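Chemist: If you count by UniProt numbering, then the sequence shown holds residues 34 to 580, one letter each, in order.
Please read through the structure below; I'll follow up with questions.
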Amino acid sequence: PFKKLKDELLSVTPPEEFTDVAGFDVKEEKSTVSITVVGASGDLAKKKIFPALFALYYEGCLPEQFTVFGYARSKMTDAELRNMVSRTLTCRIDKRSNSALSFGLGPVFALFESKLFGLHERLHPFGFFRENCGEKMEQFLERCFYHSGQYDSQADFAELDKKLKEHEAGKVSNRLFYLSIPPNIFIDAVRCASLSSSSPNGWTRVIVEKPFGRDSESSAALTRALKQYLKEDQIFRIDHYLGKELVENLSVLRFSNLIFEPLWSRQFIRNVQLIFAEDFGTEGRGGYFDNYGIIRDIMQNHLLQILALFAMETPVSLDAEDIRNEKVKVLRSMRPLQLDDVAIGQYKSHTRGGVTYPAYTDDKTVPKDSLTPTFAAAALFIDNARWDGVPFLMKAGKALHDRRAEIRVQFRHVPGNLYKRNFGTDLDQATNELVIRVQPDEAIYLKINNKVPGLGMRLDRSNLNLLYAARYSKEIPDAYERLLLDAIEGERRLFIRSDELDAAWSLFTPVLKELEEKKIVPEYYPYGSRGPVGAHYLAARYKVRWG
Ligand code: NDP
Ligand code: BG6
């Protein structure tokens with residue numbers, strides 16, 4: 034909608050000095066956007082941020098005039114940054130090419146790859162990652178620059194400011210800073226960046242990565258510190274699950290289809306499950322993870338955000354504030370999580386097929402006696418008229434047997450079910466279940482009871498199935514693409530407001546403290562298993578079977 038609006042505005046020739054409320058000059062050639070990735074040498078920058086920026090550039094979504102600056106302590110020249118970015122982009126292109134192989138294009142692909150084309154043009158012949166990929170990448174890299182500096186040095190940020198100004202060259206200058214650094218240096222970086230740059234005449238926005246503190250107090254302290262230098266509307270707290278296609282689609286599914294909304298309540302829904310599973314451990318991130326654990330890493334943010342979108346009332350409009358108001362209401366209607374309603378686990382080493390998979394505590398950056406949970410299951414409740422008594426069960430774990438993120442909605446039994454009476458189908462078979470598979474293989478399917486075709490009368494459980502790969506040919510953009518574009522366009526809908534954050538922490542802080550104070554020992558589960566049995570006992574208490 035923003036792009037459409039912008040196109041319409043551009044077609045009406047605005048007066049010379051006209052700018053929109055966000056400071057965007059409607060005559061694009063008069064404004065610039067400088068995107069500074071603070072912590073550009075790091076894992077997230079390489080894996081997600083630069084590839085997302087390139088994808089946006091490729092799709093023509095970035096403003097006409099933009100530059101990307103990498104900032105970190107590592108010494109690097111512009112050329113070295115470009116090499117680093119180009120290597121990660123090439124990997125990404127290679128990754129996509131694997132899908133081409135699975136479509137039977139392997140031999141053709143290999144021929145083009147090895148004989149005829151340079152690395153960047155690999156997929157050009159199939160149009161798989163679209164045309165002119167290499168050419169576009171070169172153009173993108175020409176807009177990328179690097180500045181080396183300390184995060185707590187105003188002088189270094191002042192040098193960066195000078196360089197930014199050279200590129201902004203008197204135009205309306207809008208600046209986006211992406212804090213892709215460990216949280217203990219957020220404030221230093223924000224302080225130095227804000228004190229050392231003379232304020233640009235456009236907007237300045239700052240994307241802040243999670244974790245936003247580790248409990249209510251530290252989160253409030255972080256917010257207070259950020260607000261010394263920034264206004265709330267300049268702070269974009271990212272939760273990349275909000276940028277995932279199926280999470281964005283939740284509201285569409287609920288509010289633009291007549292059939293779901295009437296069923297969306299305690300009257301028809303028995304329980305809701307929010308499941309996050311990864312089939313790998315904390316590899317390489319043990320140092321960070323040990324200080325946080327799975328409840329802070331996944332539940333308090335990604336799964337809780339999905340829950341809020343799932344359970345909120347219809348917002349007044351699609352405006353960011355209206356949506357966030359409804360999300361806060363849900364969070365504030367929830368009961369703080371009780372220790373009895375939590376089961377925790379930690380993965381241990383396991384040997385399978387001659388391969389030994391490490392225990393969590395085998396990571397050199399994790400203390401041998403760590404009690405940090407790598408798995409947790411929890412039962413949460415929303416004490417409002419719509420959801421009273423409905424368990425919202427969350428399960429999140431690392432080093433499990435599969436990788437998936439799903440929302441599973443189990444409906445109540447059909448009252449006086451004729452077929453159950455006559456054919457004795459078991460309890461679960463008779464209930465419907467709606468599954469929203471966020472990843473991988475995005476899908477929405479509804480489990481229904483159906484007659485097996487034939488002369489007899491036999492019931493079967495079948496799926497009404499919307500498999501995204503089969504229905505839509507367009508590749509689904511990475512969550513970071515959507516969120517970066519939103520931040521550039523000033524769209525706050527998918528970012529976390531400070532009151533949402535406070536409400537989210539108040540649900541989890543008491544139980545997190547209790548777990549730590551009582552030194553609760555997690556149940557150990559083998560790497561690659563289905564997780565601890567404690568999760569099943571917890572679900573069984575609420576008469577739920579995990580999907
Ligand atoms: P890194 O550990 O890779 O750190 C990023 C950069 O920060 C490093 O390249 C380094 O740059 C600098 N840095 C690292 N440690 C310190 C330190 N102790 N003091 C000063 N500078 C330091 O982090 P990630 O890229 O993995 O993550 C960045 C942010 O994003 C973090 O807040 C993380 O929690 C969050 N995040 C990361 C995810 C991921 O998948 N990686 C996923 C979700 C969130 P240099 O030495 O060159 O200055
Ligand atoms: C991050 C967590 O926020 O999300 C990681 O810190 C986790 O531990 C990651 O692996 C999962 O994201 P995705 O998009 O790969 O499901």
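The beta carbon of each residue, even a glycine, is placed where N, CA and C say it ideally should be.
Since this is a predicted model, take the numbers as computed values, not measurements.
Quick check: what's the CA-CA separation for D373 versus A573?
Modeler: Their Cα atoms are separated by approximately 13 Å.
Chemist: Hey, G317 and V399: beta-carbon distance below 9 Å or not?
Modeler: No; because the gap between Cβ atoms is not below 9 Å, this pair is not in contact.
Chemist: Assign I292 to one of two classes, buried (16 or more other C-beta atoms within 10 Å of its C-beta) or exposed (fewer than that).
Modeler: Answer is exposed; the Cβ neighbour count stays below 16.
Chemist: Cutting at 7 Å between CB atoms, please list the residues of its own chain near R357, excluding the five before and the five after it.
Modeler: So the qualifying residues of the chain are R530, E533.
Chemist: Give, in chain order, every unbroken run of the alpha helix (DSSP H) that is at least 4 residues long and sits entirely within the region 406 to 455.
Modeler: Counting only runs of 4 or more, we get nothing.
Chemist: Which same chain residues, not among the five before or five after H383, have their C-beta less than 8 Å away from its C-beta?
Modeler: Result list for H383: T389, Y390, P559, Y560, G561, S562, in chain order.
Chemist: Where R494 and P348 are concerned, what is the direct C-alpha to C-alpha distance, given to the nearest angstrom?
Modeler: C-alpha separation (whole angstroms): 35 Å.
Chemist: At a threshold of 8 Å, does A78 count as lining the ligand NDP (C-beta to nearest heavy atom)?
Modeler: Yes, the ligand NDP has a heavy atom inside 8 Å of this Cβ.
Chemist: Is DSSP giving residue 583 helix, strand or coil here?
Modeler: Beyond the ends of the chain as shown, which are 34 and 580, falls residue 583; an answer cannot be given.
Chemist: Return the first residue and the last residue of the alpha helix (DSSP H) that D221 is part of.
Modeler: Element bounds for D221: 219 to 229.
Chemist: Less than 8 Å separating the Cβ of K243 from some heavy atom of the ligand NDP?
Modeler: Yes, the ligand NDP has a heavy atom inside 8 Å of this Cβ.
Chemist: From A412 to L492, what does the alpha carbon distance come to, in whole angstroms?
Modeler: Taking the straight line from one Cα to the other gives about 32 Å.
Chemist: My understanding is that L122 touches P84, with C-beta atoms under 8 Å, so please give their C-beta distance in whole angstroms.
Modeler: Indeed they touch by this definition, with Cβ atoms about 6 Å apart.
Chemist: Would a C-beta distance cut-off of 9 Å place L517 and L89 closer than the cut-off?
Modeler: Contact flag set, yes.
Chemist: Taking the straight line between their C-alpha atoms, what separation do you get for K480 and L500?
Modeler: For K480 and L500, the distance between alpha carbons rounds to 14 Å.
Chemist: Which same chain residues end up closer than 8 Å to K63 when comparing Cβ atoms and leaving out the 5 residues on each side of it in sequence?
Modeler: Cβ within range, chain order: K204, V205.
Chemist: Which one of F219, Q300, A503, L337 has the shortest CA to CA distance from Y274?
Modeler: Closest by alpha carbon: L337.
Chemist: Would you list the residues sitting across from I469 in a DSSP beta bridge?
Modeler: I440, I477.
Chemist: Just verifying my parser: in three-state terms, what is the DSSP assignment at T315?
Modeler: The answer is coil: DSSP assigns T315 none of H, G, I, E or B.
Chemist: Distance check for E294 and R445, CA to CA, integer angstroms please.
Modeler: The alpha-carbon atoms of R445 and E294 are separated by roughly 15 Å.
Chemist: Kindly indicate which residue of Y513, D76, Y575, V544 has the alpha-carbon position closest to the one of E281.
Modeler: That would be Y513, whose Cα lies nearest to the Cα of E281.
Chemist: If you reduce the DSSP assignment to three classes, tell me which class D194 lands in.
Modeler: Helix, per DSSP.
Chemist: Which residue from S119, C177, E466, Q333 puts its Cα closest to that of Q98?
Modeler: Looking at the Cα atoms, C177 is the closest of the given residues.
Chemist: Do you know whose CA, among Q379, A310, R385, lies nearest residue 23's CA?
Modeler: Nothing about residue 23 can be reported from this structure: the residues present for the chain run from 34 to 580 only.
Chemist: Of all the options I218, S229, I415, which has the alpha carbon lying nearest to the alpha carbon of Q187?
Modeler: Measuring from the Cα of Q187, the nearest candidate turns out to be S229.
Chemist: Is the beta carbon of I82 within less than 8 Å of some heavy atom of the ligand BG6?
Modeler: Answer for I82: no, Cβ out of range of the ligand BG6.
Chemist: Which residue wins for smallest C-alpha separation from G580, given the options K401, G567, I440?
Modeler: Out of K401, G567, I440, I440 has the C-alpha closest to the C-alpha of G580.
Chemist: Could you tell me whether the Cβ atoms of K431 and Y393 are closer together than 9 Å?
Modeler: In this structure, Y393 lies closer than 9 Å to K431 by Cβ.
Chemist: Flag H273 as yes when its Cβ comes closer than 8 Å to any non-hydrogen atom of the ligand NDP, and as no otherwise.
Modeler: H273 Cβ: within cutoff of the ligand NDP.
Chemist: Would you check whether the ligand NDP has a heavy atom nearer than 8 Å to the C-beta of I218?
Modeler: Yes.
Chemist: Does at least one heavy atom of the ligand NDP sit under 8 Å from the Cβ of P448?
Modeler: Outside the cutoff, so no.
Chemist: Which whole-angstrom value is the C-beta distance of R208 and F245, which I expect to be below 8 Å?
Modeler: Not really, about 22 Å apart at Cβ, beyond 8 Å.
Chemist: Label S135 either buried or exposed according to how many other C-beta atoms from any shown protein chain fall within 10 Å of its C-beta, with 16 as the threshold for buried.
Modeler: Confidence at S135 is low in this model, with a pLDDT of 29, below 50, so its placement is unreliable and no value can be given for it.
Chemist: So the beta strand (DSSP E) C177 belongs to, where does it begin and stop?
Modeler: Run containing C177: 177 to 181, per the beta strand (DSSP E) assignment.
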